[in-house]
Amino acid sequence: MLDLHKPPPSTDTKTYFSHSALPAYIDALHTSAKKKPFATFLAHPHSHTLDLVLPAELWELVEAHLAARDAVYARACMTLANVLDEPFADAYARTGRTSLLSEGRADANMRFQVDDGVLRIDMHRSAYERAGLVGVPLADGGKKHASARWRVECDLKLASMRAGNKGFERLRWAAREVLTDSLAVVFCSANPGFAESVRDGREVLSLHAPRLVRLQPNVAALRGVVVPRLDAPSALHGQGEALYGQGEALALLEWLDLLSLGSARVRAGSAEVDGHLCRYDVPDFGRGVETRDLVRVRWRGFITPAFIKDVFLHVWAAAKGPRAATAGPADHADAWFSMSAQAFGGNNGWSLMQFANRETLVWEVEG
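Heads up: the sequence shown at position 79 corresponds to 79 in full-length UniProt numbering, and the numbers run straight through without jumps.
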């Protein structure tokens, strides 16, 4: 067969697989920023889709909490100069408790974002030279006919990033004279009363006519799913090679992705797909398979690491609690759940499989 199209090596997708064990007790307010999976959550500050797959018995324990969780974000149109205005910067950007992302493709348009008080601006070389700011070039992988792009980062929490200081005034000048595009932005605040304050017009953001959007879970029942028997203690410690091999780790990731898609190929006795067209079989990893009822919960919108962490900790606490041992199968060590998220831009994402006995498998995908 002729090799008519061969993508450059720089566009190859890379998958990083890791295994870790959670501590016996986790303080929800002080989780480690270097320990996985929490480090993975923080490495992807903006996600548009979050999937949670778990046994039906476990879903009954967490359904009330996840369905009643009032998570909202706002959509508005703003310029970079609006973000750097003193009232807005003091109320949101400098607190480190807000997350903001503007529209635009990461490799084509001017865009900006604010996370943990750090402002990042991506722009073309022509705009960078006219703005007169100090930044770093963005790697383009050696693409031909692609204009160079630059990134400027400023920590707005620093004392030097105040009105009247030379560096901050230079940044505000560039926002007024060069980076003047009005862009649609999505905005999320960690303030519990943020939604009510916006509705009452008491927030600084209210000046930009924001529209509140609620993150609502979409629940889908997956009945009769073929599940590989994965007993975490023996699979990861006694038989580590069963999942640590490249083929086995990718096979498990593929099965988790098919669960998120709701594919018919992971259901027992499904006749929706012709076997001659798809030969996929659920991997058994040498331990056999079983049939179970699962539930997939999906959120779509502007999803932050704080929201993902809250969902993860609540489901994990329910999975390892005494109620799960009585409501679930007799072998409590077999309890597990998986999560996956897709970041804005379509290139990066992650998946994890969490066992009730603290074992965690994480796959990080970089496009």
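Just so you know, even glycine gets a beta-carbon here, dropped at the ideal spot from N, CA and C.
| Query | Result |
| --- | --- |
| CB of P192 within 7 Å of CB of V297, strictly | no |
| Proximal residues to S189 (C-beta, below 6 Å), its chain only, five neighbours per side dropped | T98 |
| Length of the line joining the Cα atoms of A263 and E254 | Per the sequence shown, the amino acid found at residue 263 is Ser instead of Ala. Going by the C-alpha atoms only, they are around 11 Å apart. |
| Validate contact between the stretch 351-363 and the stretch 18-29 using beta carbons, cut 8 Å, 3 pairs | yes |
| Under the three-state DSSP convention, the category G367 falls into | coil |
| Helix, strand or coil at H208 according to DSSP, with G and I counted as helix | helix |
| Whole-number beta carbon distance between L133 and Q113, since they are thought to touch under 8 Å | No, Q113 and L133 are not in contact; Cβ-Cβ is about 16 Å, not under 8 Å. |
| DSSP state of D12 mapped onto helix, strand, coil | coil |
| Distance between Q246 and G135 (C-alpha atoms, nearest Å) | 38 Å |
| Sufficient close CB pairs (3 or more, under 8 Å) joining the stretch 309-318 to the stretch 110-130 | no |
| Every unbroken beta strand (DSSP E) within the stretch 276-332, with a cutoff of 3 residues, ordered by chain | 289-303 |
| Reduced DSSP category for M1 - H, G, I as helix; E, B as strand; rest coil | Residue placement at M1 is poorly supported in this model, since its pLDDT is 41, which falls under 50; the coordinates still yield a value, given next. Here M1 sits in coil by DSSP. |
| Assigned exposure category for R32 - 16 Cβ within 10 Å defines buried | The question names Arg, yet the displayed sequence has Ser at residue 32. Exposed, because fewer than 16 other Cβ atoms sit within 10 Å of the Cβ of S32. |
| Own chain, CB closer than 6 Å to T49, minus 5 neighbours either side, in chain order | R300 and Q342 |
| DSSP-derived helix/strand/coil call for Y92 | helix |
| Beta-ladder partner(s) of M353, from DSSP | S338 and L361 |
| L100, DSSP secondary structure in three states | strand |
| Enclosing alpha helix (DSSP H) for G167 [first to last residue] | K166 to E177 |
| Residues sharing a beta bridge with E153, DSSP | R120 |
| Cutoff 6 Å; reference L215; Cβ partners in own chain excluding five residues on either side | A71, W299 and G301 |
| Classification of T13 by the beta-carbon crowding that lies within 10 angstroms, buried from 16 upward | exposed |
| Member of R125, A131, P305 and G288 whose CA lies at the smallest distance from the CA of A148 | R125 |
| Per DSSP, cross-strand counterpart(s) of V213 | Y73 |
| Same chain, Cβ closer than 7 Å to H62, neighbours up to 5 away in sequence not counted | The residue you asked about is not His; residue 62 is Val in the sequence shown. The answer, listed in chain order, is H314, V315 and A318. |
| Counterpart residues of N218 in DSSP-defined beta bridges | R298 |
| Neighbourhood of I308 by C-beta, 8 Å cutoff - its chain only, sequence neighbours within 5 removed | F41, S47, L50, M339 and A341 |
| Alpha-carbon spacing of R105 relative to A175, whole angstroms | 19 Å |
| Rounded C-alpha distance that separates L277 from A56 | 30 Å |
| Of the residues L29, A24, A220 and V186, the one placed nearest A208, counting alpha carbons only | According to the sequence as given, residue 208 is His; it is not Ala. With distances taken between Cα atoms, H208 lies closest to V186. |
| L156 vs L119 beta-carbon contact at 7 Å | yes |
| Among K166, R287, T180 and I26, the one whose alpha carbon lies nearest that of T79 | T180 |
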